[in-house]
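In our numbering, the protein residues as written are 5 to 133.
Where is the CB? At the ideal position from N, CA and C, for every residue including glycine.
Keep in mind the model is a prediction, meaning the values are calculated, not measured.
For reference, the structure is listed below as structure tokens.
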Amino acid sequence: MKNSFKTMFKLLGVVMLTALVFASCSKDDDPTNNDLFVGKYKGSISYADSDMTVNKDDGSVEVIKVGKNYNFIFSDKIPDLTGIQFEKDGDSGVINIGSDEAHLIRIDASKLIIAYTKDGKVWTANCNR
């Protein structure tokens, strides 16, 4: 009997967490207005380092925001960018803190632009949601 209650509570927890994630994934959601955000942007992505080069016109970047930290999960075996912090840029967009010509990430509800260089590695993205 105890095991069936535990299983039921686990299942209920999974259902509630799934509902929360789907609720945070609305295409109308603006990542700048939410402490929790999950969204997928599709378009042109690339990555280059000394060992590999990847260029995809039909790639994707999943953006996960928790609090003030953003994580960018790339498709096509491109390494992720994690723990990036942002500041407001206009009414509905944000730009990464310390942005310059080597570190630019701009995101809003419908567009993601990445031109980011770190330790000889280069990420780019021009994606829509």
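Buried versus exposed call for residue i [16 or more other C-beta atoms within 10 Å across all chains shown]
{"i": "Ala129", "result": "buried"}
{"i": "Ser50", "result": "buried"}
{"i": "Val70", "result": "exposed"}
{"i": "Gly63", "result": "buried"}
{"i": "Gly43", "result": "buried"}
Nearest-angstrom Cβ-Cβ length linking residue i and residue j, presumed shorter than 8 Å
{"i": "Asn132", "j": "Lys60", "result": "Not confirmed; about 15 Å, so no contact."}
{"i": "Gln89", "j": "Asn73", "result": "6 Å"}
{"i": "Asp80", "j": "Val58", "result": "5 Å"}
Residue i - partner residues in DSSP beta bridges
{"i": "Thr128", "result": "Ser50, Ala119"}
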